[in-house]
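*Asks:* In short: position in the sequence shown from 1, add 743, done, that's the working numbering.
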Amino acid sequence: MKEGRSVLTRNLQSVFAPNLAILRENGVPESIIKTKLVVHPRIFAENREKFRRTVEEVKKLGFNPLKQLFLIALQALIQISKSTWERKSNVFKQWGWTDEDIVSAFEKYPRCMILSEHKITATMNFYVNTMGWKSSYIANCPVLLSYGLERKIIPRFVTPYGDPYLLKLYEEKQGLLE
């Protein structure tokens, strides 16, 4: 509800309606619009011109307006500034990712650019330096970045694979090692 409070102070007709119309003009299904409107109303309260430019940018990236991923990418691009995109890109580049890797990861999991720089660094550090995974593997499956280290990744790593032999066997079977 915290996100929604600022939305309640806006004139819904003058702010929301034009942005909803832009989505409809671009073929976004009503069911997807309604779901996002209920869960993340703030993205619809954006300045109309910025909203239109961002919708065009999402389309240029190749997102299908008929899919929910279109609005997730729209939300991500609305939430972060160009300078934030650059900072996060630089964090990924420290792990060997190219610009193409970053765009590809965004196309697969747009929320990867909403994650904090600290979260990205800590998660990449664990996957690459502790588990021994290749950075490119995470670039191809960026949803891995969203998993919680303390609650999900570390307990599953330590418990079944605390034995280095079992970990190596698992990684070989999954094709995670060269």
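Backbone N, C-alpha and C define an ideal beta-carbon position, used for all residues, glycine too. All figures in this text were calculated on a predicted structure; none of them were measured in a lab.
1. Give a yes or no on whether the C-beta atoms belonging to residue 763 and residue 780 are separated by under 9 Å.
2. Near residue 882, which residues of its chain fall below 6 Å by C-beta distance, leaving aside the five closest residues on each side in sequence?
3. From 758, 814 and 801, pick the residue whose C-alpha is nearest to that of residue 772; which is it?
4. In terms of alpha-carbon separation, which member of 786, 834, 800 and 801 lies closest to residue 860?
5. Who are the near neighbours of residue 769 in its chain, counting only those whose CB is closer than 8 Å to its CB and skipping five residues on each side?
6. What are the uninterrupted segments assigned as alpha helix (DSSP H) that are 4 or more residues long and contained completely in the region 798-854, given in chain order?
7. Going by C-alpha to C-alpha distance, which of 812, 875 and 887 sits closest to residue 863?
8. What's the call for residue 855, buried or exposed, on a 16-neighbour Cβ count within 10 Å?
9. In whole angstroms, what separates the C-alpha of residue 850 from that of residue 879?
10. Measure the C-alpha to C-alpha separation of residue 785 and residue 831 and round it to an integer number of angstroms.
11. Suppose the cutoff is 8 Å on Cβ atoms and the five residues either side in sequence are ignored; what does the same chain contact list for residue 822 look like?
12. Please state whether DSSP places residue 861 in a helix, a strand or coil.
13. Which residue wins for smallest C-alpha separation from residue 893, given the options 777, 885 and 866?
14. Rounding to the nearest angstrom, what Cα-Cα distance links residue 782 and residue 775 in this structure?
15. Considering only their Cβ atoms, is the gap separating residue 898 from residue 852 smaller than 9 Å?
16. Helix, strand or coil: which one does DSSP assign to residue 890?
17. Leaving out five residues on either side along the sequence, give the residues of the same chain with a beta carbon under 7 Å from the beta carbon of residue 900.
*Replies:* The relevant details are as follows:
1. Within the sequence shown, the letter at position 20 stands for residue 763. Within the sequence shown, the letter at position 37 stands for residue 780. At a Cβ-Cβ threshold of 9 Å, residue 763 and residue 780 count as neighbours.
2. Residue 882 sits at position 139 when you count from the first residue of the sequence shown. If the five residues before and after residue 882 are omitted, its C-beta is found closer than 6 Å to the C-beta atoms of 840, 844 and 848, all from its own chain and listed in chain order.
3. In the sequence shown, counting from the first residue as 1, residue 772 sits at position 29. Closest by C-alpha distance to residue 772, out of 758, 814 and 801, is 814.
4. Within the sequence shown, the letter at position 117 stands for residue 860. Residue 860 has its Cα closest to that of 834, out of 786, 834, 800 and 801.
5. Walking along the sequence shown from the start, residue 769 turns up at place 26. Correct list, in chain order: 798, 802 and 808.
6. Correct list: 811-822, 825-837 and 842-851.
7. Taking the first residue of the sequence shown as position 1, residue 863 is located at position 120. Cα-wise, what sits closest to residue 863 is 887.
8. Residue 855 sits at position 112 when you count from the first residue of the sequence shown. Burial call: buried.
9. To locate residue 850, count along the sequence shown from 1; it is residue 107. To locate residue 879, count along the sequence shown from 1; it is residue 136. Put simply, the backbone Cα of residue 850 is about 15 Å away from that of residue 879.
10. The residue given as residue 785 occupies position 42 in the sequence shown. The residue given as residue 831 occupies position 88 in the sequence shown. Each residue's alpha carbon lies about 22 Å from the other.
11. If you number the sequence shown from 1, residue 822 lands on position 79. Answer for residue 822: 786 and 857, listed in chain order.
12. Taking the first residue of the sequence shown as position 1, residue 861 is located at position 118. DSSP places residue 861 in helix when its eight states are reduced to three.
13. Your numbering for residue 893 matches position 150 in the sequence shown. Measuring C-alpha to C-alpha distances from residue 893 to each of 777, 885 and 866 identifies 866 as the nearest.
14. Taking the first residue of the sequence shown as position 1, residue 782 is located at position 39. Taking the first residue of the sequence shown as position 1, residue 775 is located at position 32. A straight line joining the alpha-carbon of residue 782 with that of residue 775 spans about 11 Å.
15. On the sequence shown, residue 852 is found 109 positions in, with the first residue counted as 1. On the sequence shown, residue 898 is found 155 positions in, with the first residue counted as 1. It is not a contact, given that the beta carbons lie outside the stated cut-off.
16. What you label residue 890 is simply residue 147 of the sequence shown in a count that begins at 1. Residue 890 falls in the coil class under three-state DSSP.
17. Looking up residue 900 in the sequence shown gives position 157. Closer than 7 Å at the Cβ level, and outside the excluded window around residue 900, lie 874.
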